[in-house]
Structure formats: C-alpha cells, structure tokens
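Below is one structure, written out as structure tokens; comments come after it.
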Amino acid sequence: SEEEVDARIQEVADMINKDYDGKDVHMICVLKGGVFFMCELAKRITRPVTLDFMSVSSYGDDTKSSGVVKDQPLDGKDVLIVEDIIDSGRTLSYLLRILKGRHPASIRLCTLLDKPERRVTDVEVDYCCFNIPDEFVVGYGLDYAQKYRNLPYIGELKIKED
Numbered sequence: 018s019e020e021e022v023d024a025r026i027q028e029v030a031d032m033i034n035k036d037y038d039g040k041d042v043h044m045i046c047v048l049k050g051g052v053f054f055m056c057e058l059a060k061r062i063t064r065p066v067t068l069d070f071m072s073v074s075s076y077g078d079d080t081k082s083s084g085v086v087k088d089q090p091l092d093g094k095d096v097l098i099v100e101d102i103i104d105s106g107r108t109l110s111y112l113l114r115i116l117k118g119r120h121p122a123s124i125r126l127c128t129l130l131d132k133p134e135r136r137v138t139d140v141e142v143d144y145c146c147f148n149i150p151d152e153f154v155v156g157y158g159l160d161y162a163q164k165y166r167n168l169p170y171i172g173e174l175k176i177k178e179d
C-alpha cells in the first residue's frame, strides 16, 4: 500500500543517514522507474545530497548503456545508486563496473524492490525496501508499456488472456 511504501522508504532513509553520517551523498537514479523512488528517498536524507540521472537498458543477455552520468565527475564522491527494481542483476552489474571505473570514494546500491530469486549475476544490494516474489509489478515508477508508473502503491499486474 502507499502507506507501507512510505514507511519503508523512511526506514531505509534512516539507515542511509546513519551510514553516511558526516558525508555528502551523490545519488544516481537509474531512469525511468527509479525517479519516483529517488525523489521520495532524497526528501528524507538529512545529509547534503546531489542528484544525477542515468539511463541504462537491458536487452536479453546483453546490456547497453543509452546514457552517461553527465557534468559531475565521481572522483572521491560517496555514490548511492538508486534503482526501482533489481531482477537478474545484469544491468546493475554492468552499471557498477562503469561507475567504479570513475573512482568514487564509495559506491552503494539502494533499490525499492528486489527479486533475489531471479538473480543471475552477483550484485550486492546495500539497501532494499522490499524483497518480492517473481511477479510482474507496477506502480511507484514501475511500468507496463509506459503505463501505471504514477500509481502511489505497488501492485501485481495480471494480464487477461482472451
């Protein structure tokens, strides 16, 4: 529900605030779905925050970056990647490799949803709001054919078959 999501984001933000005590947080949002989550999370971070956005798409067994982090080098920054959902881990594994090569002081991963049973690539998730089963979900930034992102809750999508 909207209330459950809101409460859990606050709990995760509290953990981040503690872990980043005395540090600035450079949040990198994985577009498009992650933007809803990142905005809500950023409002609850009490440390100084800077924001950046990256578009990364997954195609089958290959990954292809369709964007880059622009204007802000990562040298010496404490980076927090913010994702809406982690499934196989392929896209995040690729993204982490790229960003680690930009020499941040630290890099951590925060996701709204995680499907650990679908993981095929080892990705360490530092902050997770909810572990979910292998179901197709929408809402709170997650979409089906670019629809349903704006739902204030997370729900399973079931397609009626004729």
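Okay, so the sequence shown: first residue is 18 according to the numbering used here, each after it adds one.
C-beta: ideal position from N, C-alpha, C; glycine also.
Excluding its 5 nearest sequence neighbours in each direction, residue 27 has C-beta neighbours in its own chain below 7 Å: 61, listed in chain order.
Membership of residue 123 in the beta strand (DSSP E) is indicated by the continuous run 123–131.
Comparing C-alpha distances from residue 71 to each of 56, 46 and 19 shows the shortest one belongs to 46.
Residues of the same chain with a CB within less than 8 Å of the CB of residue 117, apart from the 5 flanking positions on each side, are 124 in chain order.
Boundaries of the alpha helix (DSSP H) harbouring residue 54: 51–61, taken from the DSSP string. Look at residue 72 here: in three-state DSSP terms it is strand. Residue state for residue 176 is assigned as coil, using DSSP reduced to three classes.
For residue 95, the uninterrupted beta strand (DSSP E) segment begins and ends at 95–103. When rounded, the separation of the alpha-carbon atoms in residue 63 and residue 145 is 19 Å.
Residue burial annotation: residue 43 is buried, with at least 16 other C-beta atoms found within 10 angstroms of its C-beta. Our two residues, residue 19 and residue 135, have alpha carbons roughly 25 Å apart in a direct line. Of the candidates 65, 101 and 36, the residue whose Cα lies closest to the Cα of residue 148 is 101.
By the C-beta density criterion, residue 131 is buried, having at least 16 other C-beta atoms within 10 angstroms. About 13 Å separates the beta carbons of residue 172 and residue 158, which is beyond the 8 Å limit, so they are not a contact pair.
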